[in-house]
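Q: Have a look at this one before I ask anything.
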Ligand SMILES: [Cu+2]
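In my numbering, the protein residues as written are -6 to 143.
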C-alpha cells in the first residue's frame, strides 16, 4: 500500500511540474552572486530550462533599465522568458502562471531580496513579500502575496 501511495505521490509531483517543462529562462547576473545561483537552481528544480550569463554590475544595471525594471523594483539577477522580464527572487510557480495568463505587461518583480523567497532561504523563516506585475505604464499590481512564516 505504501509503495502505491509513493508511486501516486511521485506521479502527481511529476505531472504537477509538467507545466514548467519547456519554459526557457535566460538569466543575467554577476559572477559572485550566490543567491542568484540558488534561484537558478530553484527554477531548474521546477523543470525549467535555464541559461545564465555573468555580467559586470554596470552592464547588468543597463540590462535592467533596457528591459523596463525601474530602480525601485530592482533586485539582484534579471531573467528573460518569452518576452517578459523577471526581476529578483520570483517563485517558479508565478513565472508559470504569468506565461499562462500572458498579460500585456513588462513582467514580474520581487524587489529587494526578501528572506525566505526562493534562493533566499534561511531555515523555514520567511518575511512577507509580494510578487509585483510590472506594467507598461510604469505602475505595478500585486500578482501574488506570500505570508510571513515564523
Ligand atoms: Cu538575490
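C-beta atoms are modelled at their ideal positions from N, C-alpha and C, and glycine is treated no differently.
(1) Alpha carbon to alpha carbon, how far is residue 129 from residue 97?
(2) Looking only at C-alpha atoms, which of 88, 109 and 118 sits nearest to residue 136?
(3) Please name the residue or residues paired with residue 19 in a DSSP beta bridge.
(4) If you draw a straight line from the alpha carbon of residue 66 to that of residue 51, how long is it in whole angstroms?
(5) I need the DSSP call for residue 52, collapsed to helix, strand or coil.
(6) Please report the Cβ distance between residue 112 and residue 120, rounded to the nearest whole angstrom; I am assuming they are in contact, meaning their Cβ atoms lie under 8 Å.
A: According to the structure shown:
(1) Distance between the alpha carbons of residue 129 and residue 97 is about 8 Å.
(2) Closest in alpha carbon position to residue 136, among 88, 109 and 118, is 88.
(3) Beta-bridge annotation (DSSP): residue 19 is paired with 44 and 73.
(4) Going by the C-alpha atoms only, they are around 17 Å apart.
(5) Residue 52 falls in the helix class under three-state DSSP.
(6) Taking the Cβ atoms as the reference, residue 112 lies roughly 14 Å from residue 120, outside the contact range of under 8 Å.
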